[in-house]
Every structure is written in structure tokens, then in C-alpha cells.
DNA sequence: TGACACGATCGAAACGTTTAGATTAGCGTT
DNA sequence: AACGCTAATCTAAACGTTTCGATCGTGTCA
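Chains as they are written, first to last, in the numbering used here: chain S, 536 to 874; chain U, 536 to 874.
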């Protein structure tokens, strides 16, 4: 900018005024300055600007795994929303690891992001500490966090799983396996509650051996399914609480020589784009990813626009059961259907 | 930092020296300073640091679509690599649009990213201009760019598709439909060349009505497939040059009442995680996403480490044909196989 | 004891902006 | 002709770091 000012024989203040339109500058000077900008190929240094202005027009976004299609979609939506608003997005993947998340958030905060959208991981205590002394707005995504009182957008996980399990029960299933991630994050906790609630509502017993905990990955779903299917009294249906783990479930079913839905019914949380082109077409709980991403972005953009003091807002969205052909009717129901 | 210095009754220079370890500071002062840092909860302002140091330890990454599983995986790998190296990643999606890409890259450059990894879009001329006057290292990913002489990592697309089409030919297919994106980007151009080369090598005619251009999206694959399958002399196999479009192909096959592989064989570019758990299990050309991402990251990290003057490096990786069950043998071959 | 080297610490400039406040010129009023 | 007002422009400080060179004790050696 100094060079531009010199070349145009004006002060840097005038150049700044012209670029930002913060003051009127005469036509002659405007022209001289614009010419100089072109000649020199000047580009404003956003870092210096950020330092002075105290805003970076950049937000931080952390998700556990970008390869999980749910997060892929949400990231995509959020990225687009902030792009439209002229913000850049710094993306971090925490790999479901508490320390990594810690580091990542500090990294983002160091870089003076204007705001943060976090799909948190693990225990909320550390996050609480970070959020409290970061003086930037934070939006929690997908996972609520006890004690952290800030804008949040989540799904009604319990209800969604309740609906899915009830659907299976109505098909005649009585022994329904349930594969979940560690329940230290709210979705897993709430989904499990939905499972228990549905069984309870139908007057069915809860068989603890049919509940398996994994670590969100394909291999965990695989192992859990293998164990369940090897037992003497195997379930007739399996519900997987996330998407990567259901892949493991399908592979286990295949490897053990069974088939879906003939031998075992399968449903899972999170829809994906291929659900209805390949066989079996998985019955899933679809999250409104578009809405989730947009709402999260809107909440943060609203704070960034200056609405700092409004009380924390909690948005709870509804999932949708996508019924396809991976679950088959059992027993009497099956007969009446096929009759 | 000023406050810390005052609280510890030292100069800011000493605080800086301690934090960065750039000079020895006595035990007493160290202790006083550390105490002050804790008391105040001081965090170094990376923006001010960047301004002074001329480096942001942030890189920019642009991809056409993050929801395309190929890019999802590559982004994930790159993100991890830079995370390990202490860099942040700013992610932009260009949506296969030239102007968007233009804006995004300027946005990133404005923010003084230390380097750029670009899976470019459209015509290379504008990109060339941007890259030339950005004085940061740029790595081109997935798509080469005529006239832009910089580090690049791409697939041997022509060879990969040649192998896939040759495989179909060996199965007995003679009329093989080909659905591609616009050929202004190198992968589409090269993959098409592989298609033509394979037919030519087998002495087969090239039927131009079997080559359809789309715009990379599912709907394009759907429309192209519909057109081909409605013709009086429909192909016995279809190859789709990217992943989203093959979904369209599968949907079209379903909607028109045919089935794969019984009525029509399908193969495509880009593998995805579910390929081998659902039916039909798609035969695909798998890109070595891990290697692609790591190599791109390494090329850029090497430049960032100071190796600025080395001549541009071009890495060409090999694809791998993943043969599954979505393509069936035809005619005499089928009979000899079933015999 | 004086000169000197060395280690620890500090002062101040610099990075490239923005902006409050000062200055200047031009012009209409009285 | 002196005055005040407005519009245009400029000067200089500030944002929070890093770092060069200066300063100041302290201990060593001749």
C-alpha cells in the first residue's frame, strides 16, 4: 500500500479510503491510485488488516471424521454458507480424539478465528474451559455438551431411533441387536435411550448381550456383528447407531455367509447417497443435513453480525425414517403380508 | 504480551524470547513470566505473529466438490498431513465453477496462505495468471493445467481407463457406452483417450452416439444413461468417468426396468467404501487416494520447508482396476464360462 | 586494578493496515 | 476582507508481535 501511495503521489490514508470507500476521494486521485494499484499489482494484506481490525473473517470448523458421509455433507453445506457470507473456513478433523480436538481448537483460536462450529468429541469439561475463555461465539453441532451453554443444533436422536426400532418391532422382530459408539457423546446416549424406550413401550425385554459398544469405526461394527451372529440365539435384526459401523455389519453378515434381509434385517443411523441404488437398499434414519448445516451457519453468522448477547439458542431437528428393503417382516406378519 | 511483561516486570522482548526460546532467560524471570502467563491466561496472537514473520502456517485447499468421495478422502488425508506438520488448512469448494474458483483462490491468497493445493476447474488460463503472481508455492492435484508449470500429482488416467475398457472388451462387450464430464480438464480428456485407445487396440469401431458428455453430477449420468438405453441399439456395458454420475446411471437402469449386471454391465471411475458390501458390487477404477493426498502434501511441505527453486515435479500414480460383479461375460465367453 | 568478554535484559523499529484528528483549500456570507 | 463551513487530504498512532542492536552487570584474565 505504501508503494501504491508513493506511485500515486498520495498518502496511504487516501489509498485506504479509496479501497474501503470510507471517505470520498477526488476523481483525479482515485484514478491515479487505481492506476497505481493496477501497475503494481497490489493486493491488500488481509493479515495486517485483521490485526488492526480485530477480525479475520474466518471461522473454524471441527468434525470427528470428514469421511463419515453425514459430516461430509454438513461440512459442505456450512462451507457454502460461509463462502456466501465472505468468510473462509478452517477445517479440522479431530478423529474422535479428545487431545486432538483440544489441539485443533487451540490452533484455531490462536489464529483468531471469528467463530467456531464444533462437532465435539469426548468429555465436555475441557471443551467447556476452552469455550469459556475463548471470547468468540461457538456453535455446537450434532452433539450437545453438558455445562457448555451456547448455541446448539442437534437432532432429536432419541425419537428418531425410537421410531426406527418401533418399525422393526412392528415388522415382528423381537430380538434386535444394537451397535453403538461410546455413550460419552449425547447422540449415542440419546439413541440408546430411544432403543430402550422402544423396547420398553412394546413390552419387550432388554437383552444386554444384544447391545454392543464400538468406537464408531467400520471394524467395530464388524466385530460387534460377528459376536452377535455367532451366538446361539442370534438377533433377527440389527440396528447400527452410525454409518461407518453399518458397513462393518454388512461385511460381517456377508463373511459369515448370511444375507440381508433374508436371514437378518439391518437398519442404521445416517442416510447416504447410494442407499437406494444398491441392494439391499438400507433402511436408515436420515438426518436433515442441509438444515443442520444451514442452521448452524445461521446461528454463528447471527452472532458474528453482532448479536452477541442473545441467550443461547437450542435447535432440535427431526430425523426421518427412510424405509427401504433391508428389513423383512417376520413370523405371522410375514405370512399375512405374503398371503 | 504487553500485560504479561508488565505483570512479570520485564520487557516484551524477554517474554518473546522465553516463549520462542530464541534467547536464554534466567530462571527467576522465566518463572515470573510463566506465572504471569498463567495468571493472565495469555495466548499468543498468531495474526500479529504472521504479520511480522510473513508466514501464516496455513495452507489453502480447493476441490470441486467435497461430497465426491474421491475428494472427501483426499481432503481428509491432506488435512491430516498438514495437521501433523502444524499447519492449518483452509478448505474451499469451487463447485466445478470457474468464477467461484477464482474468488476462492483470491480469498485464500488475500489471507496470505503459505501455499496452495488446487484441484482445478475449467480453463487453466486464469489459474495460470493467479498462480504466477501469487508468490506462494502451488501444487496441482488430480488435474494438470497446461502452461502452469508447478508441482503436480495426477493419476495415469488414460492407462486406467484403457485397462477398464479392455477388461469389458475381453468379457465380450462390443458396444460400450461412455459417460464423461466436460473434457476441459485433463482427467476427463485423458480418460476419454483411454476409452478410444482401448477400442482402437481391439479393432472395434468408435460409435460416437455411445459417448455422452455431462457435468459431473448424478443427474447428468442419469440423463445420459436414459438416452443410451432408450436407443434401438443399446450398449451392453456402460462406463462412467466419475463417481456421482454412476449413481445416476444406476438409477436410470433401475427406473427403466433393467438390472445390472443381467441386462447391462456397469463400471466406473473412483472407488468408494461401500463398493463391496452392496449388490451389484461395482467394478471400479480405484485411485490411490492415500498416496495422492500424501504426495501432494509432501510436495507442498517440501516447498514450504524452503526448497523453492527445485524444478517442478510431476508425479503420475497408477490406478487399480477393482473387479467385482457388476460386469458380466457376454456371448461365447459367457457360454464357455458357464459351461 | 583495568580491560574485556559474555550472558542477560531491554528499547525501539518494523510488519501493513485503519482511523481519529489535524490541516489545507475553496467557497459563500456578512 | 474576515470569517466559518465543508470537502479533501494528510499525519501519526495503534494493532501485537519479532528482532536487531544497545546496555548493563559480572566474572576472568593479564
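Beta carbons: idealized from backbone N, C-alpha and C, even for Gly.
Alpha helix (DSSP H) runs wholly inside the stretch 832-860 of chain S, at least 4 long, in chain order
none
Can you give me, in chain order, the residues of the stretch 633-650 of chain U that have a beta carbon less than 9 angstroms from any beta carbon in chain S?
635, 638, 639, 641, 642, 643, 644, 645, 646 and 647
Examine the Cβ distances between the stretch 753-770 of chain S and the stretch 779-789 of chain S and report whether three or more of them are shorter than 8 angstroms.
yes
Residue nearest to residue 839 of chain S in terms of C-alpha spacing, selected from S:725, S:594, S:541 and S:569
One-based indexing of the first chain puts residue 839 of chain S at position 304. Comparing Cα positions, the closest option is S:594.
Does the count of Cβ pairs from the stretch 605-617 of chain S and the stretch 828-836 of chain S closer than 8 angstroms reach three?
yes
Please go through the stretch 692-773 of chain S and give each complete alpha helix (DSSP H) segment of 4 or more residues, from N-terminal end onward.
692-705, 721-736 and 753-765
Under 8 angstroms, Cβ to Cβ, is there at least one residue of chain S near residue 827 of chain U?
Indexing the second chain from 1 puts residue 827 of chain U at position 292. No, its Cβ sits nowhere closer than 8 angstroms to a Cβ of chain S.
Inter-residue spacing [alpha-carbon to alpha-carbon] between residue 779 of chain U and residue 715 of chain U:
Taking the first residue of the second chain as 1, we reach residue 779 of chain U at position 244. Taking the first residue of the second chain as 1, we reach residue 715 of chain U at position 180. Rounded to whole angstroms, residue 779 of chain U to residue 715 of chain U spans 11 angstroms at the Cα level.
Residue 678 of chain U to residue 656 of chain U span [Cα, whole Å]
What you label residue 678 of chain U is simply residue 143 of the second chain in a count that begins at 1. What you label residue 656 of chain U is simply residue 121 of the second chain in a count that begins at 1. If you take the alpha carbons of residue 678 of chain U and residue 656 of chain U, they lie about 8 angstroms apart.
Could you spell out where the alpha helix (DSSP H) holding residue 780 of chain S opens and where it closes?
Looking up residue 780 of chain S in the first chain gives position 245. 778-790 is the span of the alpha helix (DSSP H), which, as asked, contains residue 780 of chain S.
So what does residue 625 of chain S bridge to, in DSSP terms?
Within the first chain, the letter at position 90 stands for residue 625 of chain S. DSSP, once it has assigned bridges, lists S:595 and U:625 as partnering residue 625 of chain S.
Assumed close pair residue 712 of chain S, residue 761 of chain S - CB separation to whole angstroms, cut-off 8 angstroms
What you label residue 712 of chain S is simply residue 177 of the first chain in a count that begins at 1. What you label residue 761 of chain S is simply residue 226 of the first chain in a count that begins at 1. Residue 712 of chain S to residue 761 of chain S, Cβ: 11 angstroms. No contact.
Give the range of the beta strand (DSSP E) segment to which residue 688 of chain U is assigned.
Position 153 of the second chain, counted from the first residue, corresponds to residue 688 of chain U. Where residue 688 of chain U is concerned, the enclosing beta strand (DSSP E) stretches over 686-690.
Look up residue 818 of chain S in the DSSP assignment and say whether it is helix, strand or coil.
Counting from one through the first chain, the residue named residue 818 of chain S turns up at place 283. Correct three-state label for residue 818 of chain S: strand.
Cross-chain neighbours of residue 580 of chain U in chain S, by beta carbon under 7 angstroms
Position 45 of the second chain, counting from 1, holds the residue named residue 580 of chain U. The contacting residues are 647.
Would you kindly work out how many angstroms separate the C-alpha atoms of residue 650 of chain U and residue 672 of chain U, rounded to a whole number?
Looking up residue 650 of chain U in the second chain gives position 115. Looking up residue 672 of chain U in the second chain gives position 137. Distance between the alpha carbons of residue 650 of chain U and residue 672 of chain U is about 5 angstroms.
Would you say residue 542 of chain U lies against chain S (beta-carbon separation less than 8 angstroms)?
On the second chain, position 7 is the one that residue 542 of chain U refers to. Closer than 8 angstroms: no.
Would residue 582 of chain U pass as a contact of residue 644 of chain S if the rule is Cβ separation under 8 angstroms?
Start at 1 with the first residue of the second chain, and residue 582 of chain U comes out as number 47. Start at 1 with the first residue of the first chain, and residue 644 of chain S comes out as number 109. It is not a contact, given that the beta carbons lie outside the stated cut-off.
Quick check on this structure: which residue in S:569, S:553 and S:554 has the alpha carbon closest to the alpha carbon of residue 542 of chain S?
Here residue 542 of chain S refers to the residue found at position 7 when the first chain is read from its first residue. Ranking the options by Cα distance to residue 542 of chain S, first place goes to S:569.
Taking 8 angstroms as the CB-CB cut-off, is residue 668 of chain U touching chain S?
Residue 668 of chain U sits at position 133 when you count from the first residue of the second chain. Closer than 8 angstroms: yes.
Give every residue of the same chain whose Cβ lies closer than 6 angstroms to the Cβ of residue 873 of chain U, excluding the five residues on either side of it in the sequence, and list them in chain order.
As a position in the second chain, residue 873 of chain U is number 338, starting the count at 1. Only weak support exists for where residue 873 of chain U lies, its pLDDT of 49 falling under 50; the coordinates are left without a value.
Any C-beta of chain U under 8 angstroms from that of residue 775 of chain S:
As a position in the first chain, residue 775 of chain S is number 240, starting the count at 1. So no, residue 775 of chain S is outside the interface.
Run down chain U in chain order and give the residues with a C-beta less than 8 angstroms from the C-beta of residue 628 of chain S.
Working through the first chain from its first residue, we reach residue 628 of chain S at position 93. Result: 611, 614, 615 and 618.
Please identify the residue among U:647, U:808, U:751 and U:818 whose C-alpha is closest to the C-alpha of residue 718 of chain U.
Numbered from 1 along the second chain, position 183 holds the residue referred to as residue 718 of chain U. With distances taken between Cα atoms, residue 718 of chain U lies closest to U:751.
Looking only at its own chain, which residues have a Cβ that is under 6 angstroms from the Cβ of residue 647 of chain S, when we skip the five neighbours before and after it?
Translated into positions along the first chain, residue 647 of chain S becomes position 112. Contacts found: 591.
If you compare alpha carbons, which of S:700, S:692 and S:845 is closest to residue 854 of chain S?
Locating residue 854 of chain S in the first chain gives position 319, counting from the first residue. Selected option, being the one with the closest Cα: S:692.
Bridge partner(s) assigned by DSSP for residue 775 of chain U:
As a first step, residue 775 of chain U must be located in the second chain, where it is residue number 240. Answer is U:714 and U:803.
Residue range of the alpha helix (DSSP H) that residue 662 of chain U falls in?
To locate residue 662 of chain U, count along the second chain from 1; it is residue 127. That run of the alpha helix (DSSP H) goes 659-668.
Please tell me whether, using a cut-off of 7 angstroms, the distance from the CB of residue 852 of chain U to the nearest non-hydrogen atom of the ligand HEM is below it.
Among the components of this structure there are no ligands whatsoever, and the ligand HEM is therefore not found.
Among the residues of its own chain, which have a CB less than 6 angstroms from the CB of residue 627 of chain S, if the five just before and after it don't count?
Taking the first residue of the first chain as position 1, residue 627 of chain S is located at position 92. Result list for residue 627 of chain S: 597 and 639, in chain order.
On the criterion of 16 or more Cβ atoms from any shown chain inside 10 Å, does residue 559 of chain S qualify as buried, or is it exposed?
Counting from 1 along the first chain, the entry for residue 559 of chain S is found at position 24. Classification for residue 559 of chain S: exposed.
In chain order, what residues of the stretch 800-814 of chain S put their CB closer than 7 angstroms to some CB of chain U?
808, 809, 812, 813 and 814
For residue 720 of chain U, does the count of other Cβ atoms within 10 angstroms reach 16, so buried, or fall short, so exposed?
Taking the second chain and counting its residues from 1, the one referred to as residue 720 of chain U is at position 185. With 16 or more other Cβ atoms within 10 Å, it is buried.
Look at the Cβ atom of residue 834 of chain U, then the Cβ atom of residue 689 of chain U, and state whether they are nearer than 8 angstroms.
For this step, residue 834 of chain U is matched to residue 299 along the second chain. For this step, residue 689 of chain U is matched to residue 154 along the second chain. No, they are not a contact pair.
Between residue 820 of chain S and chain U, is there a C-beta pair that is closer than 8 angstroms?
Here residue 820 of chain S refers to the residue found at position 285 when the first chain is read from its first residue. Chain U contact via Cβ: absent.
Does chain S have any CB closer than 8 angstroms to the CB of residue 874 of chain U?
Counting from 1 along the second chain, the entry for residue 874 of chain U is found at position 339. Annotation note: pLDDT 42 at residue 874 of chain U (below 50); position unreliable, coordinate value reported separately. Not closer than 8 angstroms to any Cβ of chain S, the Cβ of residue 874 of chain U fails to qualify, so no.
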